[in-house]
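Be aware that the sequence shown starts at 185, since it is given in the working numbering, and climbs by one per residue. Each residue gets a CB set at the ideal place from its N, CA and C atoms; glycine is no exception.
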Amino acid sequence: MKRIMVTGALGQIGCDLVAKLRKIYGEEAVLATDIRQIDHEIVQSGYFRILDVTDSTAFYEVAREHRADTIIHLAALLSAKAESDPALAWHLNISGLLSGLETARALSCQYFTPSSIAAFGANTPKNSTPQDTLQRPLTMYGVSKVAGELLCDYYYHKYGVDTRGLRFPGLISHSAPPGGGTTDYAVEMYEAAIRNGNYTSYINKETYLDMMYMPDAIDAVIALMEADSSKLKHRNAFNVTAMSIDPEKIAESIRRHIPEFTLHYDIDPVRQAIAEEWPDSIDATAAREEWGFDVQYDLNRMTDDMLSKLKGKLQAEHSRIG
Ligand code: SER
Numbered sequence: 185m186k187r188i189m190v191t192g193a194l195g196q197i198g199c200d201l202v203a204k205l206r207k208i209y210g211e212e213a214v215l216a217t218d219i220r221q222i223d224h225e226i227v228q229s230g231y232f233r234i235l236d237v238t239d240s241t242a243f244y245e246v247a248r249e250h251r252a253d254t255i256i257h258l259a260a261l262l263s264a265k266a267e268s269d270p271a272l273a274w275h276l277n278i279s280g281l282l283s284g285l286e287t288a289r290a291l292s293c294q295y296f297t298p299s300s301i302a303a304f305g306a307n308t309p310k311n312s313t314p315q316d317t318l319q320r321p322l323t324m325y326g327v328s329k330v331a332g333e334l335l336c337d338y339y340y341h342k343y344g345v346d347t348r349g350l351r352f353p354g355l356i357s358h359s360a361p362p363g364g365g366t367t368d369y370a371v372e373m374y375e376a377a378i379r380n381g382n383y384t385s386y387i388n389k390e391t392y393l394d395m396m397y398m399p400d401a402i403d404a405v406i407a408l409m410e411a412d413s414s415k416l417k418h419r420n421a422f423n424v425t426a427m428s429i430d431p432e433k434i435a436e437s438i439r440r441h442i443p444e445f446t447l448h449y450d451i452d453p454v455r456q457a458i459a460e461e462w463p464d465s466i467d468a469t470a471a472r473e474e475w476g477f478d479v480q481y482d483l484n485r486m487t488d489d490m491l492s493k494l495k496g497k498l499q500a501e502h503s504r505i506g
């Protein structure tokens, strides 16, 4: 039986991933950890521990007590937040990662951590960005992601730790909000469409970025962790994507349900510069060939599901208040 420990479990990916892992591997098998504790299903439905991932002794102890054989390390600062405090971003993203890798080495755990489209830079090919290419990002988040990919490779080659990773695009979901990212605008647009019928985007039109719906991202993590190790030529980290879109494309898709939806722009120069450094579309061929990566949701299918789930959430909120 698998014994899984997840860090950053109350973040945007963690909430959905922990729920799915508990469904597949059993509630007892999955320990959720985070630096904060909030009133959330993840905390109530199974094991939960407070953990500061930069405390390497605590990381090791919590994993040992859970008898973890798998670590999914999600705790990190995202791109926009990282630009506002680069030293903290380096500390959390790299010291946290190292604590996890050392724990995985000591306890012989399989190890997953996400990388990002932020691991590419302005001189990386912008379209169909290859799996193996130039990676010279200028953001602290990107720098920490490239260093993280290399560290995970290092622990595999030097110590035989079974490290695996995905370069996630912007992830769109409805159950937990993203925090401090550049691609958060996409999630915000869906919420705003339901609540107000309009949205002001801080990312400009014609700024194309890769995106993916959370259920596909969660399935990709699980498929990669279950993949036959001998078939993996790349480990840290695979390009994955479902769509390449700009704000106008999302607005068009929303208007199929809410025809009066309007989109305005008030560009944030910091996040716009970050977005412009990232690829327009990445190539996920290696992930498809090496472990069968696939997605269920294109833009319109994702929009249909997002709007219906968010409407349900809003109705539930209203009936609680009313
Ligand atoms: N979604 C992330 C961000 O915007 C990219 O990995 O920071």
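Residue environment for Ile208: exposed (fewer than 16 other C-beta atoms within 10 angstroms of its C-beta). Around the beta-carbon of Glu461, 16 or more other beta-carbon atoms lie within 10 Å, marking it buried. Around the beta carbon of Asn307, a 10 Å sphere encloses fewer than 16 other beta carbons of the protein chains shown; the residue is thus reported as exposed.
Positions of the alpha helix (DSSP H) runs, each at least 4 residues long and wholly inside the region 420 to 492, are given as 431 to 439, 453 to 461, 469 to 475 in order along the chain. DSSP places His257 within a strand segment (E or B) once states are collapsed to three. Excluding sequence positions up to five before and after Arg289, its CB lies within less than 7 Å of the CB of Tyr339, Tyr343, Val345, all in the same chain and listed in chain order. The beta carbon of Phe422 sits no closer than 7 Å to any heavy atom of the ligand SER.
Per the Cβ contact rule, the region 217 to 227 is not in contact with the region 282 to 297 (fewer than 3 Cβ pairs under 8 Å). Secondary structure note for Ile188: its beta strand (DSSP E) is the uninterrupted segment 188 to 191. With a cut-off of 8 Å on Cβ pairs, the region 483 to 500 is in contact with the region 433 to 443, counting three or more such pairs. In this structure Gly332 is buried. Its beta-carbon is surrounded by 16 or more other beta-carbon atoms within 10 angstroms. By alpha-carbon distance to Asp239, the top candidate from Arg206, Asn277, Ala252, Gly210 is Asn277.
If you look at Tyr295, you'll find it in the beta strand (DSSP E) that goes 294 to 296.
At a threshold of 7 Å, Ala271 does not count as near the ligand SER, since its beta carbon sits no closer than that to any of the ligand's heavy atoms. Thr191 counts as buried, since no fewer than 16 other beta carbons sit within 10 angstroms of its beta carbon. Here the region 418 to 426 does not lie against the region 364 to 382, with fewer than 3 beta-carbon pairs under 8 Å apart. Nearest C-alpha to Leu350 among Ala302, Arg251, Ser292: Ala302. Shortest gap from the CB of Leu322 to any heavy atom of the ligand SER: 7 Å or more.
A distance of 8 Å or more separates the beta carbons of Asp394 and Pro431. Selection Ile255, Asn388, Ala264 evaluated against Tyr449 yields Asn388 as nearest (Cα-Cα). By a beta-carbon distance limit of 8 Å, Leu355 contacts Ala401. Their separation comes to about 5 Å. Counting only residues of its own chain and dropping the five nearest sequence neighbours on each side, Met398 has a CB closer than 6 Å to the CB of Asp200, Leu355, Ser357. Between the alpha carbons of Ala360 and Thr317 lies a gap of roughly 33 Å. In its chain, beyond the 5 residues on either side, Val190, Phe296 have a beta carbon closer than 6 Å to the beta carbon of Ile256. By the neighbour-count criterion, in which a residue is buried when 16 or more other Cβ atoms sit within 10 angstroms of its Cβ, Arg348 is buried. For Ile278, no alpha helix (DSSP H) run applies, since DSSP gives it neither H nor E. When the five nearest sequence neighbours on each side are left out, the beta carbons in the same chain lying within less than 7 Å of the beta carbon of Ala471 are those of Phe422, Asn423, Val424, Phe477, in order along the chain. For Asp200, the three-state secondary structure derived from DSSP is helix.
The DSSP-derived three-state label of Thr241 is helix. Taking 7 Å as the cut-off, the C-beta of Tyr392 does not count as close to any heavy atom of the ligand SER. The three-state reading of DSSP puts Ala216 in strand, counting E and B together.
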